[in-house]
Amino acid sequence: MISFVARRLLLLVPVLLGVTVVTFTLTRIIPGNPIDLMVSPLADAETRERIAENAGLNDPLWEQYFRYIWGVVNGDFGDSFVTSQPVLDDLTSRFMPTFELTLFAMLVAIALAVPLGIASAVWRGTWIDHISRLLAVFGVAMPVFWVSLVAIYVFFFLLHWLPAPQGRISVVVAPPDSITGLFVVDSLLSGNWPALRSSFQSILMPACVLAFAAMAPLARMTRASMIEALESDYTRAARAMGLPERSIVFRHALRNAILPVITMIAIVYGYLLGGVVLVENVFAWPGLGRYVYNAIASSDYPALQGFILYSTTVYVLLFLLVDILYVLLDPRVRI
Amino acid sequence: MDLPGIAASSEKAHSPQGLEQARESEEILRVEELRVEFHFPDSKVVVLAGIDLDVSMGEIVGIVGESGSGKSVTALSIIGLLRPPGVVTGGRVLFCGENLLDLGADEMRAVRGERISMIFQNPRASLNPVFSVGKVLREVLRLHSGLRGAAARSRAIELLSDVGLPDPETVLARYPHQLSGGMAQRAMIALALASSPQLLLADEPSTALDVTIQYQIIQLLSRLRKDRNLAQIVITHNLGVIAELCDRVAVMYAGTIVEEAPVGQIFDETRHPYTKGLLAARARTEGAGELESIPGQVPDMRNRPAGCAFHPRCAFATGICRTATPILEMSGARHKVACHRWKELA
Chain A
5 MISFVARRLL LLVPVLLGVT VVTFTLTRII PGNPIDLMVS PLADAETRER
55 IAENAGLNDP LWEQYFRYIW GVVNGDFGDS FVTSQPVLDD LTSRFMPTFE
105 LTLFAMLVAI ALAVPLGIAS AVWRGTWIDH ISRLLAVFGV AMPVFWVSLV
155 AIYVFFFLLH WLPAPQGRIS VVVAPPDSIT GLFVVDSLLS GNWPALRSSF
205 QSILMPACVL AFAAMAPLAR MTRASMIEAL ESDYTRAARA MGLPERSIVF
255 RHALRNAILP VITMIAIVYG YLLGGVVLVE NVFAWPGLGR YVYNAIASSD
305 YPALQGFILY STTVYVLLFL LVDILYVLLD PRVRI
Chain B
509 MDLPGIAASS EKAHSPQGLE QARESEEILR VEELRVEFHF PDSKVVVLAG
559 IDLDVSMGEI VGIVGESGSG KSVTALSIIG LLRPPGVVTG GRVLFCGENL
609 LDLGADEMRA VRGERISMIF QNPRASLNPV FSVGKVLREV LRLHSGLRGA
659 AARSRAIELL SDVGLPDPET VLARYPHQLS GGMAQRAMIA LALASSPQLL
709 LADEPSTALD VTIQYQIIQL LSRLRKDRNL AQIVITHNLG VIAELCDRVA
759 VMYAGTIVEE APVGQIFDET RHPYTKGLLA ARARTEGAGE LESIPGQVPD
809 MRNRPAGCAF HPRCAFATGI CRTATPILEM SGARHKVACH RWKELA
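Residue numbers (our numbering), protein chains in the order written: chain A, 5 to 339; chain B, 509 to 854.
Here it is in structure tokens:
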């Protein structure tokens, strides 16, 4: 097992190298000149030239690339053209808010989608199956930013149940002491009830909006793989042994059906990392989504490259986790 | 009656009729006029058009016929595992005198596995891929005999060695993909026997296996009858299996039984033209004679031929065969046949 994980982590090196080549090239091809951002529009050509020279932008591309890689290997992703901070620091400080939001969204989505998928497989063709299908269609069809706006209109403006978009926590409440970096968890751990209340209220709407989009593929996948498991020869044999329906559905069938759902969870999580850009902007969430949105808008090469490297790593690690889960859950998978 | 250790140790649990009091000839299952239809949104198709079948203690009854003749549907209806679109629309399934079709879902579940078990054609697919053999065996033992822990384990090992699995303790920890087809079918049989049922339904138990393994499974089923007086219904399209294993045979065609007789009589005093065709279609090992086949196709159940369902393929069909459905009538002491012309053709 340890050697399997080590081998997979080693594989990460060529993957990330490939990603750096692609992103480095792409960011240089797309239009937009970072010098425009770094110097005043009134500066003369000589100043522009000097700053470009200092930033290394006049060197041959391969030299710029190797300088970049050398930095990355030494933990230096370069400084953001916009914030002037080291990119790694920027990413790290914005990672936790995004992680908290997507994790919360994922948990909500799984908690609703998996039981819904099981129910619509067991009672397929009944009203619960139809409602689940309808929800899935809506979840996929409605753009996430639009759902965000509708949710704000209904739950904040009409019903006053939840606060207006205010980021992770209300401005009048002090954030909890940092333990994990997740506000909800930290305020719970430190028994900081006002912070817990405020951070929970703040995360509820954006997380549920994201979860709504993520639920659809999970519920459909759960339904499909549960139906396959319930129709299988081993389920028929289990029934022939007189096992109760509860054990057949939740032990024998679900244990098989959950495997493809786990893969789907990883895929959907990757998709959430994209969807979160819009949601973070609507809900003023200080996470990676807003950061990368600004980086794209302003040709911030180091920030963009850093983000892509960062999210590639997260994605690869996520699928490593899935593969480890498969080894643990499926006896047919051996390493 | 010969009941070696393994069966004797668990008989406290069930069977009000009790194996000891059972006599060789006692009837354990009687199927009367069983009718099954497949209900599709736009149509209803008759799959079983009134089946009569009985099985006695310790008897092995074979059901033989082509694919789609209703063999598996018969077995699934008996054990209450018929799934939509299949619907039992008539008849009775009397097991120890009790009509199983009247039982509720929970009562029927108590019968399944505990008093009637079933094994299937594809043993490796019939074992749950993510559970070890021991895990499922322990669940079944806990459910039916209340055994747990070390008691369940030793009983599981007993069961596995009783079905001829070498090194049963290793097999307990094995997953289905680590078993050969023959081992998997033995494990399935061990699971089916976990609660000492009185009747075993075997749906093509050896079809998916290698020839030598097939023979071993047949021998195992034969030994179970001898050791445990276990009544069995064996579904197959392999007449060799019938000859080797069964006491009595029912030949099915298009959802009806067309001939039923003790094994010897089926082979030596064949009455129904369809059975004759089946026998003729067997590959002969000696001689280079041309392999005969029954002309035509198995009828589409949606367009069931009027009269005798076999008449379009029958060389002897006459006017009455096209209009009147023959009934299964006694043609000898223990020989039944459903053919208008069996007397002339005999």
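Where a beta carbon is used, it is the ideal one built from N, C-alpha and C, also for glycine.
Small disclaimer: the values here were computed from a predicted structure and weren't measured.
Local conformation of residue i per DSSP, three classes
i                         : result
glutamate 574 of chain B  : coil
isoleucine 863 of chain B : In the structure displayed, chain B extends from 509 to 854; residue 863 of chain B sits before or after that span and is not available.
glutamate 545 of chain B  : strand
asparagine 607 of chain B : strand
glutamate 767 of chain B  : strand
threonine 597 of chain B  : strand
isoleucine 514 of chain B : A caution first: isoleucine 514 of chain B carries a pLDDT of 38, below 50, which makes its placement in the model too unreliable to give a value.
tyrosine 761 of chain B   : strand
alanine 664 of chain B    : helix
leucine 92 of chain A     : helix
leucine 537 of chain B    : strand
leucine 655 of chain B    : coil
leucine 590 of chain B    : coil
aspartate 562 of chain B  : strand
aspartate 83 of chain A   : strand
leucine 527 of chain B    : Because the pLDDT at leucine 527 of chain B is just 42, under 50, the model does not fix this residue reliably, and the point stays unresolved.
arginine 733 of chain B   : helix
valine 553 of chain B     : strand
cysteine 816 of chain B   : coil
arginine 12 of chain A    : helix
glycine 672 of chain B    : coil
methionine 5 of chain A   : coil
isoleucine 34 of chain A  : coil
glutamate 615 of chain B  : helix
Whole-number beta carbon distance between residue j and residue i, since they are thought to touch under 8 Å
i                       : j                        : result
arginine 632 of chain B : leucine 687 of chain B   : 7 Å
proline 210 of chain A  : valine 283 of chain A    : 5 Å
leucine 263 of chain A  : aspartate 334 of chain A : 6 Å
glycine 246 of chain A  : arginine 617 of chain B  : 5 Å
arginine 336 of chain A : histidine 685 of chain B : 5 Å
Residue i - partner residues in DSSP beta bridges
i                         : result
isoleucine 271 of chain A : Partner(s): none; isoleucine 271 of chain A has no beta bridge.
alanine 710 of chain B    : B:Ile627, B:Val742
isoleucine 568 of chain B : B:Gln740
methionine 838 of chain B : B:Lys844
lysine 643 of chain B     : Its beta-bridge partners do not exist; DSSP assigns none.
leucine 602 of chain B    : B:Arg538, B:Asn607
arginine 620 of chain B   : B:Ile624
arginine 756 of chain B   : B:Val569, B:Pro770
Cut-off 8 Å between Cβ atoms - residues of its own chain near residue i, not counting five sequence neighbours on either side
i                            : result
histidine 848 of chain B     : Cys816, Thr826, Ile828, Cys829, Ala832, Pro834
proline 593 of chain B       : Phe546, His547, Phe548
arginine 531 of chain B      : Interpretation of arginine 531 of chain B is limited by its pLDDT of 43, a score under 50 that renders its predicted location unreliable; the figure taken from the coordinates is listed afterwards. Answer for arginine 531 of chain B: Met565, listed in chain order.
phenylalanine 81 of chain A  : Gly75, Pro90, Val91, Leu92, Leu95, Pro306, Gln309, Gly310, Leu313
aspartate 181 of chain A     : Asp190, Ser194, Asn196
phenylalanine 161 of chain A : none
alanine 56 of chain A        : Ile39, Asn62
arginine 810 of chain B      : Ser551, Val553
6 Å CB neighbourhood of residue i in its chain, flanking five on each side removed
i                      : result
glycine 291 of chain A : Arg98, Pro101, Thr102, Glu284
alanine 521 of chain B : At alanine 521 of chain B the pLDDT is 38, less than 50, meaning the model places this residue with poor confidence; the figure from the coordinates comes in the next sentence. Within the same chain, alanine 521 of chain B has close Cβ partners Ser653.
alanine 698 of chain B : Leu667, Leu668, Val671
Test: residue i CB closer than 8 Å to a CB of chain E
i                        : result
histidine 256 of chain A : No chain E appears in the structure shown, which is made up of the protein chains A and B.
Span separating the alpha-carbon of residue i from that of residue j
i                            : j                            : result
alanine 10 of chain A        : leucine 635 of chain B       : 34 Å
glutamine 722 of chain B     : aspartate 675 of chain B     : 21 Å
serine 625 of chain B        : leucine 166 of chain A       : 58 Å
serine 202 of chain A        : glycine 171 of chain A       : 10 Å
valine 188 of chain A        : leucine 589 of chain B       : 50 Å
valine 555 of chain B        : aspartate 735 of chain B     : 36 Å
alanine 123 of chain A       : phenylalanine 628 of chain B : 28 Å
histidine 745 of chain B     : leucine 139 of chain A       : 48 Å
glutamine 529 of chain B     : threonine 226 of chain A     : With a pLDDT of 42 at glutamine 529 of chain B, under the threshold of 50, the modelled position of that residue is not reliable, and the figure given next carries that caveat. Answer to the nearest angstrom: the Cα atoms are 50 Å apart.
threonine 29 of chain A      : tryptophan 127 of chain A    : 52 Å
phenylalanine 824 of chain B : glycine 605 of chain B       : 40 Å
glycine 840 of chain B       : alanine 758 of chain B       : 15 Å
leucine 707 of chain B       : arginine 543 of chain B      : 21 Å
threonine 317 of chain A     : phenylalanine 216 of chain A : 26 Å
Same chain, Cβ closer than 7 Å to residue i, five either side skipped, listed in chain order
i                       : result
arginine 821 of chain B : Ile802, Pro803, Gly804
valine 17 of chain A    : none
glycine 578 of chain B  : Val555, Leu556, Met760, Gly763
arginine 663 of chain B : Leu649, Leu655
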